[in-house]
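S.K.:
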Amino acid sequence: MKKPELQVGLNFKVEEEVTDNMLASYFQSGLLDVFATPSMIALMEKTALLCVESYLEEGYTTVGSKVDVLHLAPTPKGMKVKVVAELISIEDRKLTFKVETYDSFEKIGEGIHERFIVDRERFLNKTYQKVR
8 MKKPELQVGL NFKVEEEVTD NMLASYFQSG LLDVFATPSM IALMEKTALL
58 CVESYLEEGY TTVGSKVDVL HLAPTPKGMK VKVVAELISI EDRKLTFKVE
108 TYDSFEKIGE GIHERFIVDR ERFLNKTYQK VR
């Protein structure tokens with residue numbers, strides 16, 4: 008069976024509860040026990056990956072290459088956050104996503120995330136040549 012084709016407009020949502028290992032105090036990116044910007048970015052990347060992963064041929068995946076986001080509001084530990092990723096551009100192997108993050112009260116983050124489609128084996132071989 009042929010996989011569906013990648014197309015602009017695809018979207019995906021991920022929802023997670025903010026836990027200890029997602030806090031600014033854990034990442035040391037801040038001193039407060041609030042949802043960390045690095046955690047928000049990681050969830051944005053994860054959501055974009057999941058948005059397109061099932062559309063790729065076997066042996067291929069995507070890797071993050073650019074993140075340009077704003078963290079707009081704090082979120083406490085224990086609250087759920089939802090990330091929405093929408094594929095807004097396809098240029099050869101480059102995929103561009105609009106990403107937004109919400110907590111129970113408001114939008115807490117927004118931005119653009121770019122990923123590239125890569126052959127897993129070739130990508131890893133090239134990467135690990137650095138340590139051979």
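Residues in the sequence shown are numbered consecutively from 8, following the numbering used here. Cβ coordinates follow ideal geometry from the N, Cα and C atoms, glycine included. Since we're looking at a predicted model, the values are computed, not measured.
Round the Cβ separation of Leu63 and Ile124 to the nearest angstrom and send it over; I've been treating them as touching at under 8 Å.
M.R.: Mapped onto the sequence shown, residue 63 falls at position 56. Mapped onto the sequence shown, residue 124 falls at position 117. About 7 Å separates the two Cβ atoms, so the contact holds.
S.K.: Can you have a look at Tyr135 and say buried or exposed, based on whether 16 or more other CB atoms are within 10 angstroms of its CB?
M.R.: By 1-based counting over the sequence shown, the position of residue 135 is 128. Counting Cβ neighbours within 10 Å, Tyr135 comes out exposed, since fewer than 16 surround it.
S.K.: Tell me the DSSP bridge mates of Pro83?
M.R.: On the sequence shown, residue 83 is found 76 positions in, with the first residue counted as 1. Per DSSP, Val41.
S.K.: Touch check for the region 15-25 and the region 51-61: three-plus C-beta pairs under 8 Å?
M.R.: Segments in contact, yes.
S.K.: Under 8 Å Cβ to Cβ from Leu102, same chain only, skipping five residues before and after it: list those, please.
M.R.: Translated into the one-based positions of the sequence shown, residue 102 becomes position 95. Taken in chain order, the residues that qualify are Leu13, Ala55, Val59, Thr69, Leu94, Ser96, Glu121, Arg122, Phe123, Ile124.
S.K.: Based on the DSSP output, what are the partners of Glu98 in its beta bridges?
M.R.: Locating residue 98 in the sequence shown gives position 91, counting from the first residue. Answer is Lys101, bridged to Glu98.
S.K.: Please report the residue range of the beta strand (DSSP E) in which Glu24 lies.
M.R.: By 1-based counting over the sequence shown, the position of residue 24 is 17. Taken as a continuous stretch (DSSP letters only), the beta strand (DSSP E) holding Glu24 covers 18-24.
S.K.: Does DSSP classify Phe112 as helix, strand or coil?
M.R.: Here residue 112 is taken as the residue at index 105 of the sequence shown, counted from 1. If DSSP states are grouped into helix, strand and coil, Phe112 belongs with coil.
S.K.: Kindly indicate the opening and closing residues of the beta strand (DSSP E) around Lys73.
M.R.: The sequence position of residue 73 within the sequence shown is 66, counting from 1. Counting along the chain, the beta strand (DSSP E) containing Lys73 begins and ends at 67-78.
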